[in-house]
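Heads up, the thing below is written out as structure tokens.
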Amino acid sequence: MKNLSIQKTTNPMSKPAPGEALGFGRVFTDHMLIMEYDKGIGWHDARIVPYGPISMSPASTCLHYAQETFEGLKAYAAEDGRILLFRPEENFKRLNLSNDRICIPRLDEEFCVESLKELIKLDKEWVPRQEGSSLYIRPFVIGNESRLGVKDADNYLYMVLLSPSGAYYPEGLKPVKIYVEENFVRAVRGGMGFAKTGGNYASSMLAQHTAHEKGYSQVLWLDGVEKKYVGEVGAMNIFFVIDNEVLAPELDGSILAGITRKSIIELLKSKGYKVTERKIAIQEVADAADAGKLQECFGSGTAAVISPVGELKWGEKVMVINNNEIGPIAQYAYDTLTGIQWGRLEGPEGWVQEVCRL
Ligand code: PLP
Ligand code: COI
Numbered sequence: 012m013k014n015l016s017i018q019k020t021t022n023p024m025s026k027p028a029p030g031e032a033l034g035f036g037r038v039f040t041d042h043m044l045i046m047e048y049d050k051g052i053g054w055h056d057a058r059i060v061p062y063g064p065i066s067m068s069p070a071s072t073c074l075h076y077a078q079e080t081f082e083g084l085k086a087y088a089a090e091d092g093r094i095l096l097f098r099p100e101e102n103f104k105r106l107n108l109s110n111d112r113i114c115i116p117r118l119d120e121e122f123c124v125e126s127l128k129e130l131i132k133l134d135k136e137w138v139p140r141q142e143g144s145s146l147y148i149r150p151f152v153i154g155n156e157s158r159l160g161v162k163d164a165d166n167y168l169y170m171v172l173l174s175p176s177g178a179y180y181p182e183g184l185k186p187v188k189i190y191v192e193e194n195f196v197r198a199v200r201g202g203m204g205f206a207k208t209g210g211n212y213a214s215s216m217l218a219q220h221t222a223h224e225k226g227y228s229q230v231l232w233l234d235g236v237e238k239k240y241v242g243e244v245g246a247m248n249i250f251f252v253i254d255n256e257v258l259a260p261e262l263d264g265s266i267l268a269g270i271t272r273k274s275i276i277e278l279l280k281s282k283g284y285k286v287t288e289r290k291i292a293i294q295e296v297a298d299a300a301d302a303g304k305l306q307e308c309f310g311s312g313t314a315a316v317i318s319p320v321g322e323l324k325w326g327e328k329v330m331v332i333n334n335n336e337i338g339p340i341a342q343y344a345y346d347t348l349t350g351i352q353w354g355r356l357e358g359p360e361g362w363v364q365e366v367c368r369l
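Add 11 to a position in the sequence shown, counting from 1, and you land on the number used in my numbering.
Next up, the structure:
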């Protein structure tokens, strides 16, 4: 590929054994991608190099002012030996939206997709074959100027790491328990909630910690102004099924526009389900639970895939959903989405792209 150099490792690492529990984001492949940006020059020197530490100035701007954006997508090993990517161009489109928000120079989205494919080709033996596991892909950008003044950096690094990974949540497809956070907020309108930037995740950790201590696996965030409307969960978007209608919180700028969310909405609509994106008050969810009309609740995300919610706790109120079992719509969403991602089902045109064959 033009403008991409490749330095292969001379010291390949040992790959996880088939069937070995991988966890999430703990194991990395033999290679990674790096590209640099310097003001006045632009993005340059894209290269695939052996995976390893990078050296940087302790005054690097990302370390002090969190000028960082990232993405998460996956490569899947189909049974017929194809390695597939799911809607990768959507991730790089979103990376640029995140970049715009915190003054990081835009990347060439097509170059990002094509160079990612080269990286995966080189490390294709690392794509896990076992059911439910995939190659998690983490592109990210950091401000990397050595200077303590608060200003967007003049130098950046773009990198891509590959990590063979299993399920993000140990529960897998078993319903998770979620705690509705009433004190802290993750994002406010006009803030950075729609951007995938590390600061949003840092601001979520204290509430996440408290929820864990109370026996809940994740936090459901409410809007940052009135703490009245449902936003999203720590690392996934949320859906409710109330009275046979699928509801998703609208994209109001304070939640991430999930690619899984968008795909699920499309799949459910084309199956004939009524799907509405709008403001959803947590009170409305509680009222529906009381009236026996809260049929399902589930989260969606690249890492989380589809994660049914079996219990929601809001203040003193505990809502048990669908007897703590996965519901039919979440199951349909899971089966269809993963079927498409693993190349077992035909998806809408262009959703799945072949990278190479094993
Ligand atoms: N919301 C947050 C905060 C996330 O971190 C993620 C994961 O990327 C999502 C939603 C789901 O987005 P996607 O479906 O694009 O992975
Ligand atoms: C993803 O689903 O890709 C995420 O980024 C979630 C989390 C690991 C931050």
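Each residue gets a CB set at the ideal place from its N, CA and C atoms; glycine is no exception. Nothing here was measured: the structure is a model prediction, and the numbers come from that model.
Annotation: His-220 to Ile-293 spans about 22 Å, alpha carbon to alpha carbon. Contact between the stretch 347-363 and the stretch 81-97 is present: three or more C-beta pairs spanning the two stretches fall below 8 Å.
In the three-state reduction of the DSSP assignment, Gln-219 falls in the helix class, which pools H, G and I. In the assembly as shown, Gly-53 is an exposed residue. Its beta-carbon has fewer than 16 other beta-carbons within 10 Å. Within 7 Å of the C-beta of Ala-213 there is not a single heavy atom belonging to the ligand COI. Residues of the same chain with a CB within less than 7 Å of the CB of Glu-101, apart from the 5 flanking positions on each side, are Ile-270 in chain order. Going by C-alpha positions, Lys-225 is about 41 Å away from Lys-135. In the three-state reduction of the DSSP assignment, Thr-72 falls in the helix class, which pools H, G and I. Looking at the DSSP output, Lys-328 shares a beta bridge with Trp-325. For Ala-246, the shortest C-beta to heavy atom distance toward the ligand PLP is below 7 Å. Beta-bridge analysis with DSSP links Phe-151 to Phe-81, Met-170.
With a threshold of 7 Å, the Cβ atom of Thr-313 counts as near the ligand COI, since some heavy atom of the ligand is closer than that. Assigned with DSSP and collapsed to three states, Lys-285 falls in strand.
Taking every protein chain shown into account, the CB of Arg-197 has 16 or more other CB atoms within 10 angstroms, so this residue is buried. Listed in chain order, the non-local C-beta contacts of Ser-16 below 6 Å within the same chain comprise Arg-58, local neighbours out to five positions each way being set aside. Phe-309 has Phe-250, Pro-319 as its beta-bridge partners, per DSSP. Per DSSP, reduced to three states, the secondary structure at Ala-57 is strand.
Minimum Cα-Cα distance from Ser-66 among the listed residues Leu-168, Leu-96, Ala-77 corresponds to Leu-168.
The three-state reading of DSSP puts Asp-346 in helix, counting H, G and I together.
The three-state secondary structure of Asp-301, taken from DSSP, is helix.
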